[in-house]
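Keeping their order, the protein sequence lines are chains C and V.
Per UniProt numbering, the very first residue in the first sequence carries number 1; after that it's consecutive.
Per UniProt numbering, the very first residue in the second sequence carries number 1; after that it's consecutive.
The block underneath contains the structure these notes are about, expressed in structure tokens.
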Amino acid sequence: MGFGKYSSSSKISALVADDDTIIQKIHKALLTKLGLEVNVVANGKEVLDLYRSGTSFDLIFMDMEMPIMDGPEVTKELRAMGVQSIIMGVTSRDLDSEKEAFMASGLNDCYMKPLTISKISSLLQDLKKKN
Amino acid sequence: MERNPLQRQVAYMRRSLFDQGYLDEQFVQLEDLQDDANPNFVEEIVTLFYTDSARLIHNIEQALESRPLDFIRLDDYMHQFKGSSSSIGAKKVKNECTQFREHCSARSAEGCVRTFQQVKQEHTILRRKLETYFQLARQAGLAN
Numbered sequence: 001m002g003f004g005k006y007s008s009s010s011k012i013s014a015l016v017a018d019d020d021t022i023i024q025k026i027h028k029a030l031l032t033k034l035g036l037e038v039n040v041v042a043n044g045k046e047v048l049d050l051y052r053s054g055t056s057f058d059l060i061f062m063d064m065e066m067p068i069m070d071g072p073e074v075t076k077e078l079r080a081m082g083v084q085s086i087i088m089g090v091t092s093r094d095l096d097s098e099k100e101a102f103m104a105s106g107l108n109d110c111y112m113k114p115l116t117i118s119k120i121s122s123l124l125q126d127l128k129k130k131n
Numbered sequence: 001m002e003r004n005p006l007q008r009q010v011a012y013m014r015r016s017l018f019d020q021g022y023l024d025e026q027f028v029q030l031e032d033l034q035d036d037a038n039p040n041f042v043e044e045i046v047t048l049f050y051t052d053s054a055r056l057i058h059n060i061e062q063a064l065e066s067r068p069l070d071f072i073r074l075d076d077y078m079h080q081f082k083g084s085s086s087s088i089g090a091k092k093v094k095n096e097c098t099q100f101r102e103h104c105s106a107r108s109a110e111g112c113v114r115t116f117q118q119v120k121q122e123h124t125i126l127r128r129k130l131e132t133y134f135q136l137a138r139q140a141g142l143a144n
């Protein structure tokens, strides 16, 4: 299937975790256009299932609000597992308190939806240097 | 770039959608993602929006019929609607969603009912304009 680190590609691997099908499609197209290898899941449990199966990604774009298991819950769980992937929160909530709580779960940073090239270009430049 | 009359008409119509405040910069972001690999990307996203928003409109209509009004549920639905509208750059729809949410915060049933009509109106107006725009764009593409 070519998920994450078991893909033969040398591209930066990204996981989009979002239950909104419009955002899934936009973010997948955006990140693919920027040269990333992109996979999509619809809730936090699917993110955990992937990592527990041994798959990992360079980058996760984690929606805050998802069914079954939300962004903050799964981020805390991933960090407790020792996952070092860069986890960027994405949210349409604009209250500082909500974003701060999400950041506190273990994010590297948090963006307002939808992502745009300008929002993530500096992040990708840093990643490409490291790769 | 030399344009044929149809292409000029498409460009004019596109410009009008922005100048009249129906669309914002996010629509341009979607256009930037359209390429040979995804030649109908913008129209696909807009179609997805209208499918998704039909469901949300139905949910909100049902919620507005219950008494007493559950303003938290209404706000949650409208938050989703606003998010989807933002994703396609539907500026006027998004603004009406914001108004609705303010009425939810104020627990104003009359305000919610009234602004929901405006949300639906802007939603319908934009759909018709975008349908015409995409149809014209296809014709211009074929003519090219």
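Beta carbons: idealized from backbone N, C-alpha and C, even for Gly.
Here the structure is a predicted model, which means the values were calculated and not measured.
| Asked | Found |
| --- | --- |
| Residue(s) in a DSSP beta bridge with T91 (chain C) | C:M112 |
| Backbone secondary structure at D96 (chain C) - three-state DSSP | helix |
| Spatially closest choice to H123 (chain V) from V:Y50, V:M78, V:V42, by CA coordinates | V:Y50 |
| Assigned secondary structure, L31 (chain C) (DSSP; H/G/I helix, E/B strand, else coil) | helix |
| Where the beta strand (DSSP E) containing E65 (chain C) begins and where it ends | Looking at the DSSP string, E65 (chain C) is not in any beta strand (DSSP E), and its letter there is neither H nor E. |
| Beta carbon proximity, F3 (chain C) to chain V, threshold 8 Å | Reliability of the predicted coordinates at F3 (chain C) is poor, the pLDDT of 46 falling under 50, and no value is obtained from them. |
| Contact set between Q29 (chain V) and chain C, taken where Cβ atoms lie within less than 7 Å | T116 |
| The stretch 91-110 of chain C touching the stretch 59-73 of chain C, judged by at least three CB pairs closer than 8 Å | yes |
| Coarse secondary structure for I12 (chain C), derived from DSSP in three states | coil |
| Sub-8 Å separation of R15 (chain V) and Y133 (chain V) beta-carbons | no |
| Short Cβ contact (8 Å threshold) for F116 (chain V) with L69 (chain V) | no |
| Three-state secondary structure assigned by DSSP to K5 (chain C) | At K5 (chain C), the pLDDT of 46 sits below 50, so the modelled position is not reliable and the matter cannot be decided from this model. |
| Sufficient close CB pairs (3 or more, under 8 Å) joining the stretch 80-91 of chain C to the stretch 45-62 of chain C | yes |
| As assigned by DSSP and simplified to three states, the class of L124 (chain C) | helix |
| Own chain residues within Cβ distance below 6 Å of L30 (chain V), not counting five before or after | V42, I45 |
| Beta-bridge pairing of A17 (chain C) - partner residues as DSSP gives them | C:V41, C:M62 |
| DSSP three-state assignment for L23 (chain V), whether helix, strand or coil | strand |
| Buried or exposed (CB count within 10 angstroms, at least 16 for buried), G89 (chain V) | buried |
| Neighbour-count burial assignment, M1 (chain C), 16 or more Cβ in a 10 Å radius | Annotation note: pLDDT 35 at M1 (chain C) (below 50); position unreliable, coordinate value reported separately. Exposed, because fewer than 16 other Cβ atoms sit within 10 Å of the Cβ of M1 (chain C). |
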